[in-house]
Amino acid sequence: MGNINFKARLLVPFTLALIVFLGVFVFYTYQHELRDIDEASERLVGSALELFRGQVSSDATALAVSIRFISENKELAALMVKGDRSALFASAKHIYHELSKNQKVTHFYFHNPDMVNFLRMHSPTFYDDTINSYTALKAEKTQNLFYGMELGKFGHLTLRVVSPWIVDGKLIGYLELGEEIGHILKNIKNTLDVDFILTIDKNFLKQSDWEEGMAMLGRKGKWDNLPKSVIADTSLGNNANLLKIVKSGKDKVFSDEKNGIANFFYKDDMNSRYGVDLVRLEDVSGRNVASLYILWNITRVIAGAIYYVLLVGAISLVAGVFLFILFYITLNRVEKELSFFYKSLEAASADNARLAAAVEQADEMVVMTDKDGTIQYVNPAFESVTGYRREEILGKKPDVLSSGKHDETFYRTMWNTIYAGDIWKGRFINKKKDGSLFDSDCVISPVRGQDGAIVNYVSLQRDVTRDRKLESKLRASQKMEAIGTLAGGIAHDFNNILTGIIGYTELANDDLKEGSEAKENLDAALKAGARAKDLVAEILMFSRDGEQAANQVYLQTVVRETLGMLRPIIPSTISIRESIDDSLPSIMANCTQITQVIMNLCTNAEHSMRKNGGVLNITLGGFEADGDFASVHE
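Residue numbering for the sequence shown follows full-length UniProt numbering, beginning at 1 and increasing consecutively.
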């Protein structure tokens, strides 16, 4: 090993690796710049769509307010009811001009109750056609205001707001306001400094209607410029690249299929570069009726990215040469030292590898601390049992697992034992990361250095939680079996005695007059006896492992009946006050068990007040259990 020339073996691959690294670094930098452009483009289209949706929502609200204002105009309502189209047009004309000027309203309709158009303010000569637009039909069906972006008969992609016109409780027609989305797109252009092209799918248009609609708005449209769509609006004017951009995007794959977004780049005749985001637009019924091209001029951005990549490449080259020289000098020094340490390191490494593999693969938890008890190592078994990752536990004290189940004397004894250099054995009740407890049998041994001083402690632990639970369940099962046997015997004997008591009470009760105090007392005694028989039946069922039936029970009734049985036997020095919520719903429970619980609570309270007297308050009300309460009492 000492005769090997490391410089010859390492410098050649180092140089090649450095060249590859520099090339990859420069390439990555270039790709990173392109990715930044893509991300900026995504943010831009995201901002544009957010701005578009926000503007649509805001404009819809404003149009809804305007419709409400119009619907409250008594003069317009009277003319609508009268059916005077000319007078209605004259009266509403100034409103239409104000809406057109201030809110960019391009469509203003008055419809009859049967959804036949009565008057178009924007085209007064065209009327008496049946309106079957989605927004209008929704407003007619729901008799509520409805709005959405919709493609009209004449190819206008318009935000429409339709509302029933109700006067004195009677439907006299429908009001509809609409605005083309063109002004919204212009707002996006001015806000984000982008250009746009709006196209409409020809599948939803008729050429004659579309051309007539463009004429209504004073525009010229060319139906045959594109095979599958028409350009409805654009911020580029008559730019020669307009059709090329649209044709470039027609076959693009939508990278964001959910939101209908495709991205591509376009270079025009003047070598200007654009990032183009193609967005599908749906109308209110969910049809993909239009496409919006958002254009971002990235010419300067691309130039800046190229400059940055060249600059990074030059700096990386200089840094690479410097690293080469530094590496050459360092190798001379390392080459001499490495040969000396190699053999000893190799032997120690093999030993450590074997030991580490054994510890890492052990089923028992292994924890190593320094002499002050700070954790320096835990194996995977520790992570699996406690839920703590190694990074979380290193540098902490073992008391992070403390459950509070051991007193100070327990821990003092343990530490005194290992501080003295002895081995400690015992059982811990520790707490996992999730708060649950677990039992572990533990052996803690000191680790001594070459000078004999304690330098570390190593703990081997085995999770015995499941074993302990099985033991507890077995003991509990044995106890319950014994209790059930004892309870069954007592219940049989008590049932025989109770049968005689109830029988003689019934005989005595039959000889008493109705309404007498003695008969009422015996009736109460019979009810108590019936409750006792039910209780005995439940004890017998418990002793036979039977299931106790649950029925629909109103706690209000059970509480009152139980208090009725208790009042005669509670001393007069104790007053009973009750507060019962009669609106509580029924619950599914065993009536006898509930009665027994109430009687136990009340008799316990009576016993504590028997000497000095007092007040027994009984309150029954609702309680809303949160998640923590439910998890504790499930």
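C-beta: ideal position from N, C-alpha, C; glycine also.
Under a 10 Å Cβ-count criterion, V105 is classified as buried, with 16 or more other Cβ atoms of the shown protein chains found around its own Cβ. The stretch 152 to 170 makes contact with the stretch 211 to 229; the number of CB pairs closer than 8 Å reaches 3 or more.
In the three-state reduction of the DSSP assignment, E75 falls in the helix class, which pools H, G and I. For F438, the closest alpha carbon among the candidates A48, T125, S445, G404 is that of G404. Fully contained in the stretch 582 to 619 are the following alpha helix (DSSP H) runs of length 4 or more, in chain order: 591 to 609. Under DSSP, the beta-bridge partners assigned to G178 are H107, R160. For Q556, the uninterrupted alpha helix (DSSP H) run begins and ends at 555 to 566, by DSSP.
Of the candidates G387, T386, D399, D399 places its Cα closest to the Cα of T374. Counted as a single uninterrupted DSSP element, the alpha helix (DSSP H) harbouring F410 occupies residues 408 to 419.
Where G213 is concerned, the enclosing alpha helix (DSSP H) starts and stops at 207 to 216. Under the Cβ criterion (8 Å, minimum of three pairs), the stretch 187 to 197 does not count as touching the stretch 139 to 149. For Y174 against A136, the beta-carbon gap comes to about 7 Å, under 8 Å, which counts as contact. The Cβ-Cβ distance between E383 and R462 does not fall below 8 Å. In this structure, L236 lies away from I200, with their beta-carbon atoms at least 8 Å apart. A distance of 8 Å or more separates the beta carbons of S133 and I67. Taking the C-beta atoms as reference points, M414 is found nearer than 8 Å to G426. Note: E282 is bridge-paired with N288 in the DSSP secondary-structure output.
Looking at the DSSP output, Y457 shares a beta bridge with T369, P446.
Just so you know, the alpha carbons of T61 and S208 end up roughly 33 Å apart. Of the residues L226, N190, K220, the one whose Cα lies closest to the Cα of N203 is L226.
Going by C-alpha positions, L507 is about 13 Å away from K513.
Residue pairing by DSSP places L226 in no beta bridge whatsoever.
Here the stretch 36 to 46 makes no contact with the stretch 280 to 289; the two share fewer than three CB pairs at distances below 8 Å. V24 is not a Cβ neighbour of G313, given a cutoff of 8 Å. In the three-state reduction of the DSSP assignment, E624 falls in the coil class, being assigned neither a helical nor a strand state. For A532 against L563, the beta-carbon gap comes to about 17 Å, at or over 8 Å, which does not count as contact. Around the beta carbon of L79, a 10 Å sphere encloses 16 or more other beta carbons of the protein chains shown; the residue is thus reported as buried. Burial check for G178: the Cβ neighbour count within 10 Å reaches 16 or more, so the residue is buried. Leaving aside the five residues that flank Y308 on each side, the residues in its chain whose CB is nearer than 7 Å to its CB run, in chain order, E33. Check the Cα spacing between S86 and each of F108, M121, E72: the tightest is with M121.
Apart from sequence neighbours up to five positions away, the residues of its chain that approach L522 with a beta-carbon distance below 8 Å are T505, A508, N509, L512, ordered along the chain.
According to the DSSP assignment, T199 belongs to the beta strand (DSSP E) that extends over 195 to 201. By the 16-neighbour rule on beta-carbons within 10 angstroms, T592 is buried. Going by DSSP, K141 is part of the alpha helix (DSSP H) stretching over 134 to 142.
Per DSSP, the unbroken alpha helix (DSSP H) holding V385 starts and ends at 380 to 386. Contact annotation: T369 and K432 have beta-carbon atoms that are not nearer than 8 Å.
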